[in-house]
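Working notes for the structure below.
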Amino acid sequence: MRAEYIDVLIIGAGISGIGSACHLKEKCREKSFIILEERDSLGGTWDLFRYPGIRSDSDMYTYGYNFKPWPDGKAFADGTTILKYLKQTSAEHNIDEHIRYRHQVNNASWCSQDNCWKVDALNKKDGERVSIRSRFLLVCSGYYDYKKGYTPVFKGSEKFQGTILHPQHWPQDTNYHEKKIIVIGSGATAVTLIPELAKDAEHVIMLQRSPTYIVALPGTDWIANLLYKVLPAKLAYTITRWKNILSHHFIYGRSRTAPKKVKQTLLKLARKELGPDCDFNTNFVPHYNPWDQRLCVVPDADFFHAVRDKRASVLTDQIHTFTEKGILLKSGKELEADIIVTATGFELCVLGNIEFDIDGKSVDFSKKFVYKSMMFEEVPNLIWTFGYINASWTLKADLTAEFTCRVINHMDKNKTEICVPQLREHELDMPRLDFIPGFSSGYMQRKMHLLPKQGDRWPWVNTQNYLKDKKTIGKEPINDGVLQFSKIST
Numbered sequence: 103m104r105a106e107y108i109d110v111l112i113i114g115a116g117i118s119g120i121g122s123a124c125h126l127k128e129k130c131r132e133k134s135f136i137i138l139e140e141r142d143s144l145g146g147t148w149d150l151f152r153y154p155g156i157r158s159d160s161d162m163y164t165y166g167y168n169f170k171p172w173p174d175g176k177a178f179a180d181g182t183t184i185l186k187y188l189k190q191t192s193a194e195h196n197i198d199e200h201i202r203y204r205h206q207v208n209n210a211s212w213c214s215q216d217n218c219w220k221v222d223a224l225n226k227k228d229g230e231r232v233s234i235r236s237r238f239l240l241v242c243s244g245y246y247d248y249k250k251g252y253t254p255v256f257k258g259s260e261k262f263q264g265t266i267l268h269p270q271h272w273p274q275d276t277n278y279h280e281k282k283i284i285v286i287g288s289g290a291t292a293v294t295l296i297p298e299l300a301k302d303a304e305h306v307i308m309l310q311r312s313p314t315y316i317v318a319l320p321g322t323d324w325i326a327n328l329l330y331k332v333l334p335a336k337l338a339y340t341i342t343r344w345k346n347i348l349s350h351h352f353i354y355g356r357s358r359t360a361p362k363k364v365k366q367t368l369l370k371l372a373r374k375e376l377g378p379d380c381d382f383n384t385n386f387v388p389h390y391n392p393w394d395q396r397l398c399v400v401p402d403a404d405f406f407h408a409v410r411d412k413r414a415s416v417l418t419d420q421i422h423t424f425t426e427k428g429i430l431l432k433s434g435k436e437l438e439a440d441i442i443v444t445a446t447g448f449e450l451c452v453l454g455n456i457e458f459d460i461d462g463k464s465v466d467f468s469k470k471f472v473y474k475s476m477m478f479e480e481v482p483n484l485i486w487t488f489g490y491i492n493a494s495w496t497l498k499a500d501l502t503a504e505f506t507c508r509v510i511n512h513m514d515k516n517k518t519e520i521c522v523p524q525l526r527e528h529e530l531d532m533p534r535l536d537f538i539p540g541f542s543s544g545y546m547q548r549k550m551h552l553l554p555k556q557g558d559r560w561p562w563v564n565t566q567n568y569l570k571d572k573k574t575i576g577k578e579p580i581n582d583g584v585l586q587f588s589k590i591s592t
């Protein structure tokens, strides 16, 4: 098996991988790179998810790339439009020619003798093994398992005579016309699915164990649309982007410092949308503070309208067992259904579930401190893209890609080939803290033990704060005393 050598290997052709490639082409023009993508086409999440109503839950002015203005008039876009945006971006920057589809990466080994990563992949087109050597490795594979979503074990599920679906693997020929549907779950997927299903179904029930915060926002940004009419697109985009970044930063900050007041405001707005004819306290008042989990955004209040118009309903209870006709609840009530949708979340995936080793010694990332939330102590030339969970993913993806280019250019300028974050003496006694503390969503809690650790001081912390990261990751000197660079051997 002949090994191919390149400068940078990117794993994943989703929004992070495509963005990283664009930054490389612009800022590191002499560097060779390829993207390995396991699926048949680019797009990641937006190519995988095909369930009814799939859309962004972040505004597109911050979810879009910093170098490509969002061209559509909608602030919250459907999956098809987002995928089109990604394909346009790839085509405009000639990224397509660098992508190798249906390549599954199984393991990556750092070789100190050759000072490079040796990556083994399976070409699923012909079954051949492929070996690639790269100076730098960028893992842009997202943060959940594409092969399977999370579905709890439901007692009696084999008895149900109807159809059970998970949104992550939605059959395109699913007929839900005039069907009775139960959607299990109350997260972003559920509140996205239900308004669309309710347009054609007989009735849709959202069955939840506990309520979540649901926030209605305008589907279009009138300020953005006005700016686009009177200003160049790039300038209008930048102004709108910063308007939304600062607005979100303020709201998130208030949620941390004055959670009771923010909770009161959110519930007041939701109650206004729903009207008086609902059991609001039982079904719409969460038992946690805002942003302990992500808020569920519903453009133009479509979810609330479906509930208010009686096309959908919300029920807070627990499942005792599935039955032939539907679901028997612990309260004793039985719900009938033709289709049950398990919108119960996804399985978090750390660094693409790839097995890493350094000179034959396996790397356990759960025992590693994370450097600026993108590199790992004692792991050379490896950068991981993990976006924000309290803001748009792409804000962090852009910062990570820009930082990558700065590191590569710094190494070229100083004729070094290895870059390794190392703990300094006064950092050796740092506590090993959760990568994302205080975030109670199930998908994160189930796999938190697999994520790397953060410390209690910079640069070994995961701030989840774009404004801070913009100043530090974006502007601090690369040679900060933590990143250790090795000269090219002669």
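Take any residue in the sequence shown, note its place counting from 1, add 102, and you have its number in my numbering. All C-beta atoms, glycine included, are put in the ideal place defined by N, C-alpha and C. Since the model is a prediction, treat every value here as computed from it, not as a measurement.
Residue 252 and residue 452 have their C-alpha atoms some 15 Å from each other.
Inclusion of residue 385 and residue 418 in the CB contact set at 8 Å is warranted, their separation being smaller than that value. Under the DSSP assignment, residue 401 falls in the beta strand (DSSP E) whose first and last residues are 398 to 401. Restricting attention to beta strand (DSSP E) runs no shorter than 3 residues, the segment 423 to 493 encloses them at 428 to 431, 436 to 438, 441 to 444, 448 to 450, 457 to 460, 484 to 486, ordered along the chain.
For residue 352, the enclosing alpha helix (DSSP H) stretches over residues 335 to 359. With respect to residue 137, residue 112 sits close: the two C-beta atoms are nearer than 8 Å.
Leaving aside the five residues that flank residue 402 on each side, the residues in its chain whose CB is nearer than 6 Å to its CB run, in chain order, 321.
Note: residue 203 is bridge-paired with 139 in the DSSP secondary-structure output. In this structure, DSSP gives residue 308 an extended state, which the three-state scheme calls strand.
Burial is judged here by how many other beta carbons sit within 10 angstroms of a residue's own beta carbon; residue 139 has at least 16 and is buried. For residue 429, the number of other beta carbons within 10 angstroms of its own is at least 16, and it is reported as buried. Going by beta carbons, residue 424 and residue 259 fall inside the 8 Å limit. With a cutoff of 8 Å on beta-carbon distance, residue 476 and residue 502 are scored as near each other.
Counting C-beta pairs with one atom in each stretch, the segment 189 to 203 and the segment 113 to 122 have three or more that are closer than 8 Å, which means they touch. The three-state secondary structure of residue 235, taken from DSSP, is strand.
Comparing C-alpha distances from residue 159 to each of 294, 546, 575, 531 shows the shortest one belongs to 294. With contacts defined by Cβ atoms closer than 8 Å, residue 116 and residue 147 form a contacting pair. Within the same chain, Cβ atoms closer than 8 Å to the Cβ of residue 205 are found at 138, 139, 140, 223, 224, 225, 226, 232, the five residues on either side in sequence being excluded. Shown here, residue 188 sits in a helix according to DSSP, grouped into three states. The C-beta distance from residue 408 to residue 297 rounds to 5 Å, short enough to meet the 8 Å contact threshold.
Distance from the Cα of residue 244 is smallest, within the candidate group 303, 174, 145, 335, for 145. Sorting 525, 568, 380 by C-alpha distance to the C-alpha of residue 471 places 525 at the top.
Beta-bridge annotation (DSSP): residue 293 is not paired with any residue. Secondary structure at residue 586: strand, using DSSP grouped into helix, strand and coil. Counting the other CB atoms within 10 Å of its CB gives residue 439 a total of 16 or more, which places it among the buried residues. Looking at 571, 154, 555, the one whose alpha-carbon comes closest to that of residue 533 is 555. Put simply, the backbone Cα of residue 200 is about 12 Å away from that of residue 114. In the DSSP annotation of this structure, the continuous segment of the beta strand (DSSP E) that includes residue 219 starts and ends at 218 to 225. With respect to the 8 Å criterion, residue 467 and residue 478 are classified as neighbours on the basis of their beta carbons. Close CB contacts of residue 357 within its chain, under the 8 Å cut and outside five residues either way in sequence, are with 364, 391, 392, 393 (chain order). With respect to residue 345, residue 316 sits apart: the two C-beta atoms are not nearer than 8 Å. Look at residue 509 here: in three-state DSSP terms it is helix.
If you draw a straight line from the Cα of residue 238 to the Cα of residue 218, it is about 7 Å long. When C-alpha distances from residue 247 are compared across 569, 563, 546, the shortest belongs to 546.
In this structure the segment 578 to 590 lies against the segment 508 to 517, because at least three pairs of beta carbons, one per stretch, are closer than 8 Å. Residue nearest to residue 207 within the set 263, 266, 454, 156 is 454 (criterion: CA-CA distance).
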